[in-house]
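Have a look at the structure below, then the notes.
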Amino acid sequence: MIQVFNTMSRSKEIFKPLKAGEVSIYCCGVTPYNKPHIGNARPFVTWDVIRRYFARQGYKVRYVQNFTDVDDKIIAAANREGVSWTEITDRYIRNYFQVMDALNVQPADVYPKVSETIPDIIALIETLVEKGFAYKLDNGDVFYSVEADKSYGKLSRRKFEDMQAGARVEVDDRKRHPMDFALWKAAKPGEPAWDSPWGKGRPGWHIECSAMSLKYLGEKFDFHGGGADLIFPHHENEIAQSQCALGDEHSFAQYWVHNGFITVNAEKMSKSAGNFFLVEDILKKFPGEVVRFFLVQTHYRSPLELNENVVREAQVAYNRLKTAYDNLHELVKQIEEDKFLKGKKDPMLTMSQAGGLVELAERLLAAFDDAMNDDFNTALAISYMFELARDVNAYHSDYLAGKILPRGTDAYMIMRVSEIFTDMASTIGIFENVEDTAADSELVDKLMKIIVDIRQDARKNKNWAVADKIRDDLKAAGIALEDTPQCVKWKIS
RNA sequence: GGCGACAUAGCCAAGUGGUAAGGCCGAGGUCUGCAAAACCUCUAUCCCCAGUCCGAUUCUGGGUGUCGCCUCCA
433 MIQVFNTMSR SKEIFKPLKA GEVSIYCCGV TPYNKPHIGN ARPFVTWDVI
483 RRYFARQGYK VRYVQNFTDV DDKIIAAANR EGVSWTEITD RYIRNYFQVM
533 DALNVQPADV YPKVSETIPD IIALIETLVE KGFAYKLDNG DVFYSVEADK
583 SYGKLSRRKF EDMQAGARVE VDDRKRHPMD FALWKAAKPG EPAWDSPWGK
633 GRPGWHIECS AMSLKYLGEK FDFHGGGADL IFPHHENEIA QSQCALGDEH
683 SFAQYWVHNG FITVNAEKMS KSAGNFFLVE DILKKFPGEV VRFFLVQTHY
733 RSPLELNENV VREAQVAYNR LKTAYDNLHE LVKQIEEDKF LKGKKDPMLT
783 MSQAGGLVEL AERLLAAFDD AMNDDFNTAL AISYMFELAR DVNAYHSDYL
833 AGKILPRGTD AYMIMRVSEI FTDMASTIGI FENVEDTAAD SELVDKLMKI
883 IVDIRQDARK NKNWAVADKI RDDLKAAGIA LEDTPQCVKW KIS
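Residue 587 in the numbering used here sits at position 155 of the first sequence, with consecutive numbering throughout.
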């Protein structure tokens, strides 16, 4: 049973899929007019974890995320640079995919664009005009009439009177009500424009998401999400347009999920405030999976303060889990190479030494799922990974010390523990880009073996000065050596 | 002005009507030639006041503080 905090009801609700065993999700994507900052990336990582979890629970997931590629800011950027608007959108869509790839975000099933959905948008506006929810002006603009919609404001829970109408909304005498918003904007010279029943023009903001979500997910779908700043006016307006056009207040998204903001000095990161950090720049200092781990270590609805220190802490924590992950794989490798698995049993080693560990792992996996079931509480879920890591590392230490060997029943138990830990890791989306440094590993492996052998000879002769110099110099070069009872390990730090 | 959220150890961060997960940092210890890694041990009565209750950090009211939305914004 999965519970989700629904912004519409402001409470946790039991998730009931519209179609058994299936989940449909629409997440508001980006307007490709510049590079994404870390705050922009948060919803996509959040939804990536949610969809991964649903998939692991056996749901068939359909995930749609749009590009709003027709927009004032895009046109402004194109004019500023003296290039076509498509050059701007192509460039930043490409950049978006690069960044998401680095953060290990799985691709959506569909990436609709406004420019490719114009007929559907026009049809939707026509319906709204016909039903009396929208009106056309002489210049070709079409506005949505909030007064015609009795339930307008239900998501953000606000009333027109409360909104200081006119104070911060652009005054426009042509509108029937100050809160009315544009569905269609009449073309101005030099702007992208399409033919419509109201003359040449382009869609306003909001209508495109209604059209795209309805087109690719149907009149009813399970989830709609994005950053909390989209609650009003964007999602409010999407609901208004969609439900009035469809004539069904139960249509459109069933659950509204909004993530909290990333803050800098406790204040919301935003492009307009200028206090933002591009994902691209953070990735120059930290691996993508570390940045991702940093994001999911906190519950998605909580604010997340960003500074270099907290990301560095996340890196240390990430490395701790990675060590356990590597230790498990080392054990599994040992098991796979162990001839004992192929038949005979060692009478001295039949007693289970991994029994406690596998029991703990199964219990923690259940706890992990419970946490995820409770509104996708990744912070709690991850804490169980740390608990498992502790005992895995303890077992691994005993193995290195020669105290135990994962044989017989224990071999299977360790493989199960590894499976569980990997399962948890892949749900939050880490330890999947492990091949990063392995590209030229063959040569490096050979070189390291030579160096380590020389150092081992020095150690045998108690020539500590040479042994330590090799270790220190390697450390300075970014390679850490660890002497264990059985072998010398090295890793690029 | 309207609406809303949050306030937990040095830092980050979960959570519950019955005296509080996890991570970072720090201290001590085991192991090691030394180190690293790993493991063990130690570090909070949950912003303030009042109320409800046998009992509140968790519920209610008030206060203080911080932040958000109401304009583009993830």
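Where is the CB? At the ideal position from N, CA and C, for every residue including glycine.
Quick caveat: nothing in here was measured; it's all calculated off a predicted structure.
Own chain, CB closer than 7 Å to residue i, minus 5 neighbours either side, in chain order
| i | result |
| --- | --- |
| V436 | K444, E445, F447, Y687, V689 and D807 |
| I846 | L763, V764, I767, A786 and P838 |
| V477 | L535, V537, R724, L727 and V728 |
| R606 | L569 |
| H731 | N809, T810 and A811 |
| S628 | I554 and W616 |
Residue i - DSSP class collapsed to helix/strand/coil
| i | result |
| --- | --- |
| L781 | With a pLDDT of 45 at L781, under the threshold of 50, the modelled position of that residue is not reliable, and the figure given next carries that caveat. Three-state result, L781: helix. |
| F818 | helix |
| K700 | strand |
| A452 | coil |
| E593 | helix |
| H666 | helix |
| V542 | strand |
| W896 | helix |
| A908 | helix |
| D806 | strand |
| F684 | strand |
| T521 | helix |
| G788 | helix |
| E864 | coil |
| I767 | helix |
| T841 | helix |
| K586 | coil |
| S873 | helix |
| V537 | coil |
Contact belief for residue i with residue j at Cβ below 8 Å, rounded distance in angstroms
| i | j | result |
| --- | --- | --- |
| F653 | L450 | 7 Å |
| Q673 | L560 | 6 Å |
| S645 | D612 | Wrong, their Cβ atoms sit about 22 Å apart, outside the cutoff. |
| I960 | L797 | Given that the chain is displayed from residue 433 to residue 925, the structure contains no residue 960 and the question cannot be resolved. |
| L738 | V711 | Not confirmed; about 11 Å, so no contact. |
| S583 | E681 | 6 Å |
| A821 | R752 | 6 Å |
| F693 | G471 | 6 Å |
| A473 | V531 | 7 Å |
| A509 | Y567 | A509 to Y567, Cβ: 31 Å. No contact. |
Beta bridge counterpart(s) of residue i as assigned by DSSP
| i | result |
| --- | --- |
| V689 | G657 |
| F437 | K444 |
| Y576 | A566 and F613 |
| G720 | Bridge partners of G720: none, in fact. |
| I457 | Y495 and F655 |
| W922 | L913 |
| H469 | L710 |
| T938 | This structure leaves residue 938 out entirely; the chain is present only between 433 and 925. |
| W626 | G633 |
| A618 | G633 |
Pair within 8 Å by beta-carbon distance, residue i and residue j
| i | j | result |
| --- | --- | --- |
| A705 | Q729 | no |
| T859 | Y485 | yes |
| A555 | F565 | no |
| T755 | N825 | yes |
| N691 | P468 | no |
| D770 | A660 | no |
| V496 | Y458 | yes |
| A890 | V898 | yes |
| Y816 | A799 | yes |
| W479 | G650 | no |
| E623 | I507 | yes |
| R488 | S456 | no |
| A685 | F655 | yes |
| K647 | P539 | no |
| V481 | G861 | yes |
Proximal residues to residue i (C-beta, below 8 Å), its chain only, five neighbours per side dropped
| i | result |
| --- | --- |
| A619 | G572, A625, G631, K632, G633 and R634 |
| E640 | N498, T500, V502, V546, T549 and I553 |
| L926 | The structure shown does not extend to residue 926, since the chain is modelled only from 433 to 925, so the question has no answer here. |
| M880 | I911 and W922 |
| V920 | V884, R887, Q888, L913 and E914 |
| F709 | H469, I470, V696, M701 and L738 |
Own chain partners of residue i with C-beta closer than 6 Å, once the 5 adjacent residues on each side are dropped
| i | result |
| --- | --- |
| L789 | D823, Y827 and V849 |
| I902 | R887 |
| A912 | K923 and S925 |
| Y750 | V722 and F725 |
| F863 | Y757 and A857 |
| D830 | I836 |
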